[in-house]
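With my numbering applied, the sequence shown corresponds to residues 10 to 410, in that order.
Note that the Cβ used here is the ideal one computed from N, Cα and C, for glycine as well.
Fair warning: this is a prediction, and the values are worked out from it, not measured in the lab.
Okay, structure first, notes after.
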Amino acid sequence: MIAEERSVRHLSDVGIVGAVPGGLSAAILLAASGASVDVYERQPVLGGRTRRLSLGEHHFDVGPTFFMMPYVLDEILAAAGRKLSDRVELTRLDPMYRLLLGQPEGAPITLDTTQDLARRSERLSRIEPHDGPAFQRFIADNRRKLAAMTPLLRRPIRSVLDLASMDAMRAGPHLRPWQSLYDHLKGYFRNPSIRLSMSFQSKYLGMSPFECPELFSILPFIEYEYGIWHPTGGCNALMRAMADIAEELGVRFHTGCEVQAIEFEGRRATGVQVDGALRRHRHVVVNADAASAMRRLVPSHLRRTWSDRRIERSRYSCSTYMLYLGLAGEVDLPHHTIYVSRSYERNLADIATNGVLSEDPSMYVCNPAPIDPTMAPRGASSLYVLVPTPNVQPGLNHVDW
10 MIAEERSVRH LSDVGIVGAV PGGLSAAILL AASGASVDVY ERQPVLGGRT RRLSLGEHHF
70 DVGPTFFMMP YVLDEILAAA GRKLSDRVEL TRLDPMYRLL LGQPEGAPIT LDTTQDLARR
130 SERLSRIEPH DGPAFQRFIA DNRRKLAAMT PLLRRPIRSV LDLASMDAMR AGPHLRPWQS
190 LYDHLKGYFR NPSIRLSMSF QSKYLGMSPF ECPELFSILP FIEYEYGIWH PTGGCNALMR
250 AMADIAEELG VRFHTGCEVQ AIEFEGRRAT GVQVDGALRR HRHVVVNADA ASAMRRLVPS
310 HLRRTWSDRR IERSRYSCST YMLYLGLAGE VDLPHHTIYV SRSYERNLAD IATNGVLSED
370 PSMYVCNPAP IDPTMAPRGA SSLYVLVPTP NVQPGLNHVD W
């Protein structure tokens, strides 16, 4: 068996599907440990949903625009002997974002969020006197909660047996699996709009705060604890920096190169099919859309747990309607603005259950040019507008686009 394996010529030790944040992180860590790595990306550019779109001199992130917890990327690059601050300029945002909290009657409540916890508490107290001090208690509780959860979050959890540990026992008292995030926040905040200001982050996961497990109260905490940052050039600048570091370590990128299938010997991945040709690797890492990649790349007999039928019947998160607007003139908006529908529960039901467009949809606008002149010509603006919508699952979406 050893002689047979040596007779096979491998293109490299590892083939990675997807030049996206996870794929680039894996490439850097593997190459830094001495592995030879090839990365395949079907788009002509790197980044996947974190790639850049350019319309003349107007530039946009296609997908993610929030950057949080930069220390995580610092840890990845440190494994390769590099520093994030040497590659990308980061600006801490204050306000982190502006919230426009829709009301059943009258104008929305405007709330500028900040890492200055005293100022944040004061602003909440103006809306509801009880909720300012409650915010400080929420932050203290979630600081302990995240510290208890971090050892679990840094380990793979493949089965319930992985939870049979001292770390899991320490985290247990901080968790209430029977509670939704929104119900959990009722124990802190009296004002419904303030509860929404501390729970809309569940949409980052494609979930409703009325269904999302209370574990994810750590999401708003992470914003206030570590801040929200803008990388000069947009979040795609992070992808470009990671790709540059990967290439310095010897990683080879193949763009415009779609992987059609993964080759297996038994249950072991041994290569990828690209343009009808087999490219052999000792290991294969897949960082692509899970539902699509599972059906497209992995033979059905190797994924009994995730059959086609189960994948088809799974619930998927929402889609978005996107506008990328290159505008003449400057726009008087902060870097991030989030409008929360005055009928938020109805808006969520329209997206997840009813499959229709809401009369009063929530939306998000990113306006980076005021602090990052590389994103638009002088005196102009590059606006990114996102509206959550029903996804395109057959039988759910009733929108005549």
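Looking at the DSSP output, Gln282 bridges to Ala270, Leu287.
For Asp22, the three-state secondary structure derived from DSSP is strand. Here the region 63–71 makes contact with the region 332–341; the two share three or more CB pairs at distances below 8 Å. Going by C-alpha positions, Ile237 is about 14 Å away from Glu98. Distances from the alpha-carbon of Arg319 to those of Asn296, Ser301, Tyr330 put Ser301 closest. Spanning the alpha carbons of Arg387 and Cys244 requires a straight line of approximately 21 Å. By the 16-neighbour rule on beta-carbons within 10 angstroms, Pro397 is buried. Within the DSSP bridge table, the entry for Asp121 names Arg107 as partners. Using a Cβ-Cβ distance cut-off of 8 Å, the region 254–267 and the region 35–54 are in contact, since at least three pairs of beta carbons, one from each stretch, lie closer than that value. For Pro379, the closest alpha carbon among the candidates Asp359, Asp341, Val365 is that of Asp341. At the C-beta level, Ala270 and Leu306 come within 7 Å of one another.
When rounded, the separation of the alpha-carbon atoms in Asn200 and Ser130 is 13 Å. The region 175–184 makes no contact with the region 127–146; the number of CB pairs closer than 8 Å stays below 3. Taking 7 Å as the cut-off, the Cβ atoms of Arg351 and Pro113 count as close. Annotated as proximal: Asn296 and Val29, with beta-carbon spacing under 7 Å. Out of Gln145, Ile85, Asp298, Ser94, the CA that lies nearest to the CA of Tyr197 is found in Gln145. Every beta strand (DSSP E) of 3 residues or more that sits fully in the region 54–120 is shown, in chain order, as 61–64, 67–70, 99–101, 107–110. Excluding residues up to 5 positions away in sequence, Ser328 lie with their Cβ nearer than 7 Å to the Cβ of Val401 in the same chain. Approximately 6 Å separates the beta-carbon atoms of Leu93 and Pro79; this is inside 8 Å, confirming the contact. For the region 331–405, the full-length beta strand (DSSP E) segments reaching 3 residues or more read 345–349, 372–375, 389–398 along the chain. A distance below 8 Å between beta-carbons, with the five flanking residues on each side excluded, links Gly27 to the following residues of its chain, in chain order: Val48, Tyr49, Glu50, Gly57, Val295, Asn296, Ala297.
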